[in-house]
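Numbering (full-length UniProt numbering), first residue to last: 1 to 134. We treat Cβ as the ideally placed atom computed from N, Cα and C, and that holds for glycine.
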């Protein structure tokens, strides 16, 4: 497995199968665009399959704060430590910042606590009709 911050050579075809269980998932073209427009990105690539199998993104002001909106691993590659490595890489990349935030469902709190994150209260607004990015 190769872990990289570079989008060089990444194509829409390499981004198939993500956003499982999303009612209106982004298509691979939108997925590539969101990776390109993120402040930070780390991807896990199965080089034998030439396939991105996991990714994590962050949006940051580059001074004090960052927000991690997405961590995804393809279903066939889950429970192999890929998500953990992606989070570790991202937290290392963002370590110079004062705050790193993310929002997650309650069942994922113990997962993120393993990285030293603390549970907090957050507010959010979701426009589900725009979930696909189109």
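Self-check item: Inter-stretch contact (C-beta, 8 angstroms, three-pair minimum) for the stretch 12-20 and the stretch 36-52
Solution: Yes, the stretch 12-20 is in contact with the stretch 36-52.
Quiz item: For residue 132 versus residue 28, is the C-beta distance shorter than 8 angstroms?
Solution: Along the chain shown, read from residue 1 onward, the residue named residue 132 stands at position 132. Along the chain shown, read from residue 1 onward, the residue named residue 28 stands at position 28. In this structure, residue 132 sits away from residue 28, with a CB-CB distance that is not shorter than 8 angstroms.
Quiz prompt | Whole-number beta carbon distance between residue 83 and residue 73, since they are thought to touch under 8 angstroms | solution = Locating residue 73 in the chain shown gives position 73, counting from the first residue. Locating residue 83 in the chain shown gives position 83, counting from the first residue. Cβ-Cβ separation between residue 73 and residue 83: approximately 5 angstroms, consistent with a contact (criterion under 8 angstroms).
Self-check item: Short CB-CB distance (under 8 angstroms) between residue 69 and chain C
Solution: Here there is only one protein chain, and chain C is not present.
Quiz item: Between the beta-carbon of residue 3 and the beta-carbon of residue 66, is there less than 8 angstroms?
Solution: Position 3 of the chain shown, counted from the start, is the residue given in the question as residue 3. Position 66 of the chain shown, counted from the start, is the residue given in the question as residue 66. With contacts defined by Cβ atoms closer than 8 angstroms, residue 3 and residue 66 do not form a contacting pair.
Quiz item: Could you give the residue range of the beta strand (DSSP E) that holds residue 45?
Solution: Here residue 45 refers to the residue found at position 45 when the chain shown is read from its first residue. Per DSSP, the continuous beta strand (DSSP E) segment holding residue 45 begins and ends at 40-46.
Self-check item: Complete alpha helix (DSSP H) runs within the UniProt domain "N-acetyltransferase" (1-134) (minimum length 4 residues, chain order)
Solution: The qualifying runs are 28-37, 82-93, 109-113.
Quiz prompt | Euclidean distance between Cα positions of residue 75 and residue 18 | solution = Position 75 of the chain shown, counted from the first residue, corresponds to residue 75. Position 18 of the chain shown, counted from the first residue, corresponds to residue 18. One C-alpha to the other measures close to 8 angstroms.
Exercise. Measure how close the beta-carbons of residue 102 and residue 40 come, nearest whole angstrom, since I'm counting them as under 8 angstroms.
Key: Here residue 102 refers to the residue found at position 102 when the chain shown is read from its first residue. Here residue 40 refers to the residue found at position 40 when the chain shown is read from its first residue. Going by Cβ atoms, the distance from residue 102 to residue 40 rounds to 13 angstroms, so no, they are not a contact pair.
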